[in-house]
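From first to last, the protein sequence lines stand for chains Y and P. In terms of my numbering, the first sequence opens at residue 173 and continues consecutively. In terms of my numbering, the second sequence opens at residue 617 and continues consecutively. Glycine included, C-beta positions come from ideal geometry on N, C-alpha and C. Note that the coordinates shown come from a computational prediction; the quantities given were computed from them, not determined experimentally. Working notes, structure below.
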Amino acid sequence: MSDAESRKDEAQPRQVAEEELVPDDLVTNTQSFFSDLPRRIGSRFTRRAPRPASAGTGKRASFVDFLKHPGLRLRAAGSKLRKEMDSLSAIQLTAIVIVFSLFLVLPLLSVVVFSFTDPSTGMPSLVHFVNLFHDSNIWPWQYDPVTGSWISYVNLQTIQRGGDLVTIQGWDFGAILNSIYVAVIVTSIAVLLGVFFAFIVARYDFPGKRIVRTVLIFPILATPFVGAMGIKTFLGRAGFFNNLFYTTLHILPFRVELQGLAAIIFVQSLSLFSLVYLNAYSSFMSIDPSLEEQAENLGAKGFKLFRSVTLPLAMPGIQAGAILTFILSIEDLGSPIVFYGSQQAQKTLAFQVFKSIANQAGTINPAGPAIGIILLVFALTGFLAIRKYAALRSYESGTKGGQWNPRTRRLTGKGTLLLYLVLIPLLFLALIPQMSVIILSFTGTWSTNSVLPDTWTLGNYAVLWEYPDVARSIQYTLIYGVTATVIIVLLGSSAAYLIARRDFPGKAALDLLVTSPIALPGIVIATGYFTLFYNTPFFPPEAPAFLLTMSYTVRKFPFTVRAAYAGLKSTPVVLEEASQNMGASKNQTFVKVTLPLIGVSVLAGSLLSFVYSVSEVSTSLILGSVGRAQAPMTFWTREILEATGQFGGVYHAACLGTVMMSMQMVVITITNKILGTRTSAITGI
Amino acid sequence: MSEMEATRNTKTILVAVVVVALVAVGGYIGLGLLGNIGPTTTGTTTTTTTSSGETLTVITRHDVSILSVYEPAFLASDFAVSHGITKILWKTPSQEFWEALIDTGQIDVCWGGGPTLFDQLMRDGLLSALNSTLMQTVAARVNNSIAGADMKRYDSHGNLVWIAAAISSFGFTVNDAFLTDYTLPTPSTWTDLAQPIYGSLLPTIPTIAMGNAPDTTSNTRIYEIITQGLGWDAGWSTLGRMAGSSNIYSGSVETQAAAELGQVGISMSIDFYGYLSQYKNPDCHYVVPEGQTIVNGDPIAISNITSHEDLAEGFVDFVLSPYGQSLWLHPNIRRMPVLRAAFDQPLGSQAQDLYAVFNQTIKTVGIDFNDTLSLEINTAFIYYFESVFTDAHTELVNCWTTIVTEYYAGHLNVSQMNMFADMMGLTVTILDPKTSLSEKFTIDYAREINNNMIYDTVYAGQVQDLWTIAAKNHYNDVLSQVQALLP
Chain Y
173 MSDAESRKDE
183 AQPRQVAEEE
193 LVPDDLVTNT
203 QSFFSDLPRR
213 IGSRFTRRAP
223 RPASAGTGKR
233 ASFVDFLKHP
243 GLRLRAAGSK
253 LRKEMDSLSA
263 IQLTAIVIVF
273 SLFLVLPLLS
283 VVVFSFTDPS
293 TGMPSLVHFV
303 NLFHDSNIWP
313 WQYDPVTGSW
323 ISYVNLQTIQ
333 RGGDLVTIQG
343 WDFGAILNSI
353 YVAVIVTSIA
363 VLLGVFFAFI
373 VARYDFPGKR
383 IVRTVLIFPI
393 LATPFVGAMG
403 IKTFLGRAGF
413 FNNLFYTTLH
423 ILPFRVELQG
433 LAAIIFVQSL
443 SLFSLVYLNA
453 YSSFMSIDPS
463 LEEQAENLGA
473 KGFKLFRSVT
483 LPLAMPGIQA
493 GAILTFILSI
503 EDLGSPIVFY
513 GSQQAQKTLA
523 FQVFKSIANQ
533 AGTINPAGPA
543 IGIILLVFAL
553 TGFLAIRKYA
563 ALRSYESGTK
573 GGQWNPRTRR
583 LTGKGTLLLY
593 LVLIPLLFLA
603 LIPQMSVIIL
613 SFTGTWSTNS
623 VLPDTWTLGN
633 YAVLWEYPDV
643 ARSIQYTLIY
653 GVTATVIIVL
663 LGSSAAYLIA
673 RRDFPGKAAL
683 DLLVTSPIAL
693 PGIVIATGYF
703 TLFYNTPFFP
713 PEAPAFLLTM
723 SYTVRKFPFT
733 VRAAYAGLKS
743 TPVVLEEASQ
753 NMGASKNQTF
763 VKVTLPLIGV
773 SVLAGSLLSF
783 VYSVSEVSTS
793 LILGSVGRAQ
803 APMTFWTREI
813 LEATGQFGGV
823 YHAACLGTVM
833 MSMQMVVITI
843 TNKILGTRTS
853 AITGI
Chain P
617 MSEMEATRNT
627 KTILVAVVVV
637 ALVAVGGYIG
647 LGLLGNIGPT
657 TTGTTTTTTT
667 SSGETLTVIT
677 RHDVSILSVY
687 EPAFLASDFA
697 VSHGITKILW
707 KTPSQEFWEA
717 LIDTGQIDVC
727 WGGGPTLFDQ
737 LMRDGLLSAL
747 NSTLMQTVAA
757 RVNNSIAGAD
767 MKRYDSHGNL
777 VWIAAAISSF
787 GFTVNDAFLT
797 DYTLPTPSTW
807 TDLAQPIYGS
817 LLPTIPTIAM
827 GNAPDTTSNT
837 RIYEIITQGL
847 GWDAGWSTLG
857 RMAGSSNIYS
867 GSVETQAAAE
877 LGQVGISMSI
887 DFYGYLSQYK
897 NPDCHYVVPE
907 GQTIVNGDPI
917 AISNITSHED
927 LAEGFVDFVL
937 SPYGQSLWLH
947 PNIRRMPVLR
957 AAFDQPLGSQ
967 AQDLYAVFNQ
977 TIKTVGIDFN
987 DTLSLEINTA
997 FIYYFESVFT
1007 DAHTELVNCW
1017 TTIVTEYYAG
1027 HLNVSQMNMF
1037 ADMMGLTVTI
1047 LDPKTSLSEK
1057 FTIDYAREIN
1067 NNMIYDTVYA
1077 GQVQDLWTIA
1087 AKNHYNDVLS
1097 QVQALLP
């Protein structure tokens, strides 16, 4: 056989293999992945293009049919609802609808209704929405009636140098587009980092893994107000980094400062990647190892195995993390306030809502809620887009009711070194808000050009017993957080179950409803609470405890719902069907089969709900200010931050921040201890 | 199945849920117990009669350090004891909720938050006339004005509606390390801040921190004083230069923090925050501008729909008594009383440093401030500031940077630099959305549109958008003119 013939013979089986099993190496797979990318992207559009059209046609036809025979269709929907809803599901659905109607929809409507009204005529109108597009900071392309031309206020200047400082900022396309592009970049970075770390921790053993698993959750620990001051203390012109590398060590030839949207992207990416990590880790841990083993037996290894088997199986968790990241990025108000000094940071939707509502003029501008509606639409569009894309790439892995012993491999010495070289700087940056809050809480005095405080003290913590309400707020915060989390777990797993397992009219609407709270600017809901409920049994004067708890329940609900939904998507429905075939009722199946199967995911979500509940800002501030005796810690952190005298200011407020973080950690640890070994799948502790 | 761990079962989940629920139930029981120990949560009327006595409700912007000193002192006073007052309910909402709360009839006393807020309450008819003999006696203890600032306010019918209960001075906090790093001079007056030297590090390093007017009443008062003291056009020109050399921050706390953290060299400051920064960062010190001291009287007033006016008057009397005034000098507050007699009290004798500052403040001839004008144009004023400085900041800084850079490069002489700076600071002209007339932002125009800016949010939004676009185009136009002159 000639060389040419033998090469030809070798080539033929390879072609077959590429189409079927592909037993090749990492390099080849990576190359084929990228070289094949354009074709696959193109084929997605060409292949799937007719789908939306047909779906649209179907929906239109269905809508027309509904209009033609409304009574018939309604009866059919009612009959379907009755068929799908057993007693448990009906109770679950009713409870969710009541809670969300009372504590989300009504307060929202009470504020938003003004956005759809023309105040001069009192008639329904979109005037507030139209006017937004005349604001050059929201929409940067403006028509000049005098010159008859369009003027652009887009600013693409990103790097500036002057004095001893180099500043880096983002592109400025006005608040609407800025919010979208920032959220897309942040979600991409968070998914890359989160999936990378989740995969490494789930599949490799290396020295210090237990610590790394724990520390990777820390970036989600939030400390409102003081965290912001901490970020400035580290990243500012005279912050820790510049004072260390420029002023003290003279390593850098100039100071560097991130400003505006670049700073927001940096801070958000490094805090939100933990959300993806947490959810992706749960998914990686629940993958049936036999599936990967089968793939390996068939020749898939390395990146090919990861891309074609592991990643699709982990997609529900990654999707949940990505959705939360996208929405939280668009909704984030904290970062724009931190970097307010650079005008670009003010050009985000969340900040524009805040600006319209909170000011000394004493009036609430209806434009604020109008921007909030736009923000909600974008956030939910992102949610639907991510869910649709991820749904196309996800598969049920079949956990079969148990937790798998993970397929872990030992990382080589070189690999471990490389991992830590990436991990340590990244974690250091990600933990700036948390570290700086702890440092600030022990600071006596801190000079401008000093890397660390000049003097240290424990005395700042005296603020905890100086004001009785401050100490009491710690207990209240814990009670509100735990109570809200218990309700969230009960209702959240119910909601996820209904969405994932039942087919009833309005299911998609329910899905959007229970996910929307994190996409709604808190200040809009909080204002709605005040307007609607103050001086009613829900919110008696001086007693905001109940409303605060319900506010946390509703606003932090989506974390648990999305996690539980991801859990259900990873669990084959056949297990529940088997249970029912064996004679169990739907109720018994839900309690004895479904809940235990998704328990780990629900707990992962509920921890996020708890952590974000105790650090909730908007309703805590507004409701706390008129019921100080029952106000939570976030309210008192702000009070202490703005207070004068020897117990006022950022160093004392940082003590409350540190206590809040400790509390969050204690609850996470207790939960883990209770659940023993199973918790490794939740938080890695 | 060897790969399955045996631990997955319902029990663990149930145990977790039960434990968490127990914690919650325990918490609620604890809450109940705390409720019994701590402040009661009953009461839906203004002055609530609890089982043990009367409750006074005070709405305030004062912070916890002040409230925690005043509450026990007042409750221990003869007046409180004789009238059975056993509790003060403090309400501390942000400004946008004040009127709604007062309207509920639950507020007795309004205290602290600056003259602008109280003038707005007066304008909307929410403050009671202080005409009783007791209130007239109390008012007589307070000077009519201090350093040019009114300490009492009368409504259009000549009724006294608020009295200053404390004074604050305005100046700037200077970060010496920052100024030394960049060899910048220490400013001593407001007008110093308009000098091009403070823009010499632009565009990357702004040297001043200013608060956005709609977000900070104290900084707004500074801007009002500058436009009143220097004249409308020169004042706005000065503010334009200052804003060009500044980072603009939201509230007064953030503005203050900028100097404290070394982000900038100078920040607009209210005195007590200035002294706090001085303590926390040894590089900082508070500067009282020479001959341009601005003093604010921080008001106390009574709600016009309180049903317990006698108790409210008793509280006002207490706060404005020499003893009540001396509480401002408590080590945990250290703010300036409005009565000199406070320094004769035991707490006063321990605060001789504050006495020196007090004497310096009241002797200083400050800028004579027209409160009536401020009230007539305040809302238009703050929104104009936001529109042309905060919302057009990128274009403003570009323009000012070019003027300053070319001045220091020798391409512009002093008079050219001043000419372009003045041009940059000119107030802008827009087509008014209601009248379609071309309107420059003058005092008269501000006065004319002020009510619409308060009550017609659509109009206010449209006007702000127009001001911002006009300002951006104006700054870009001045920039083009400067660039046209360059070699």
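Looking at the secondary structure, which residues open and close the beta strand (DSSP E) in which residue i lies?
i, result
"alanine 825 (chain P)", "824 to 827"
"leucine 337 (chain Y)", "337 to 340"
"glycine 585 (chain Y)", "From DSSP, glycine 585 (chain Y) is part of no beta strand (DSSP E) but of the alpha helix (DSSP H) over 585 to 602."
"proline 915 (chain P)", "910 to 918"
"leucine 1047 (chain P)", "1045 to 1047"
"tryptophan 311 (chain Y)", "It is not in any beta strand (DSSP E) - tryptophan 311 (chain Y) carries neither H nor E in the DSSP assignment."
From the DSSP output, which residues share a beta bridge with residue i?
i, result
"cysteine 614 (chain P)", "A query on residue 614 (chain P) cannot be resolved here, the shown segment of chain P reaching from 617 to 1103 and no further."
"isoleucine 821 (chain P)", "According to DSSP, isoleucine 821 (chain P) bridges with nothing at all."
"tryptophan 618 (chain Y)", "According to DSSP, tryptophan 618 (chain Y) bridges with nothing at all."
"leucine 672 (chain P)", "P:Ile704"
"aspartate 377 (chain Y)", "Y:Arg582"
"tryptophan 628 (chain Y)", "Y:Thr615"
Would you grab the beta carbon distance between residue i and residue j for me? Rounded to a whole angstrom, and I think it's under 8 Å.
i, j, result
"alanine 494 (chain Y)", "valine 363 (chain Y)", "5 Å"
"glycine 741 (chain P)", "threonine 833 (chain P)", "The Cβ separation is near 20 Å, so there is no contact."
"arginine 950 (chain P)", "leucine 970 (chain P)", "7 Å"
"histidine 699 (chain P)", "leucine 1012 (chain P)", "So it is not a contact: roughly 56 Å between Cβ atoms."
"valine 754 (chain P)", "valine 932 (chain P)", "6 Å"
"threonine 1084 (chain P)", "valine 1004 (chain P)", "7 Å"
"isoleucine 690 (chain Y)", "leucine 500 (chain Y)", "6 Å"
"threonine 761 (chain Y)", "serine 751 (chain Y)", "4 Å"
"isoleucine 675 (chain P)", "isoleucine 723 (chain P)", "5 Å"
"leucine 521 (chain Y)", "serine 261 (chain Y)", "In fact, because the Cβ distance is near 36 Å, the residues do not count as touching under 8 Å."
At which residues does the alpha helix (DSSP H) containing residue i begin and terminate?
i, result
"asparagine 986 (chain P)", "It is not in any alpha helix (DSSP H) - asparagine 986 (chain P) carries neither H nor E in the DSSP assignment."
"threonine 1010 (chain P)", "1009 to 1024"
"threonine 1084 (chain P)", "1073 to 1101"
"proline 425 (chain Y)", "Counting along the chain, proline 425 (chain Y) falls outside any alpha helix (DSSP H), and DSSP gives it neither H nor E."
"asparagine 469 (chain Y)", "461 to 469"
"glutamine 440 (chain Y)", "432 to 457"
"alanine 750 (chain Y)", "746 to 753"
"proline 730 (chain Y)", "729 to 742"
"proline 484 (chain Y)", "483 to 503"
Does the distance from the C-beta atom of residue i to that of residue j stay below 8 Å?
i, j, result
"valine 790 (chain P)", "isoleucine 882 (chain P)", "yes"
"methionine 1040 (chain P)", "tyrosine 1075 (chain P)", "no"
"asparagine 537 (chain Y)", "threonine 1073 (chain P)", "yes"
"proline 905 (chain P)", "serine 804 (chain P)", "yes"
"alanine 672 (chain Y)", "tyrosine 737 (chain Y)", "yes"
"phenylalanine 555 (chain Y)", "phenylalanine 498 (chain Y)", "yes"
"proline 279 (chain Y)", "tyrosine 701 (chain Y)", "yes"
"tyrosine 764 (chain P)", "isoleucine 993 (chain P)", "Residue identity differs from the one stated: residue 764 (chain P) is glycine in this sequence, not tyrosine. Cβ distance not < 8 Å, so glycine 764 (chain P) and isoleucine 993 (chain P) don't count as in contact."
"proline 396 (chain Y)", "serine 645 (chain Y)", "no"
"glycine 728 (chain P)", "arginine 677 (chain P)", "yes"
* **Stretch pair the region 297 to 314 of chain Y + the region 542 to 561 of chain Y: three plus CB contacts closer than 8 Å** => By the C-beta criterion, the region 297 to 314 of chain Y is judged to be in contact with the region 542 to 561 of chain Y, since at least 3 inter-stretch pairs fall below 8 Å.
* To do: Specify whether the region 732 to 746 of chain Y and the region 771 to 790 of chain Y touch according to this definition: at least 3 beta carbon pairs, one from each stretch, less than 8 Å apart.
  => yes
* To do: Would you check if the region 719 to 727 of chain Y and the region 647 to 655 of chain Y touch, i.e. whether three or more CB-CB distances between them fall below 8 Å?
  => Yes, since at least three Cβ pairs between the region 647 to 655 of chain Y and the region 719 to 727 of chain Y fall closer than 8 Å, the two stretches touch.
* Taking three-plus beta-carbon pairs below 8 Å as touching, is the region 425 to 434 of chain Y in contact with the region 613 to 633 of chain Y? -> no
* Say whether the region 809 to 829 of chain P touches the region 909 to 924 of chain P, bearing in mind that this needs 3 or more beta-carbon pairs closer than 8 Å, one atom from each stretch. => no
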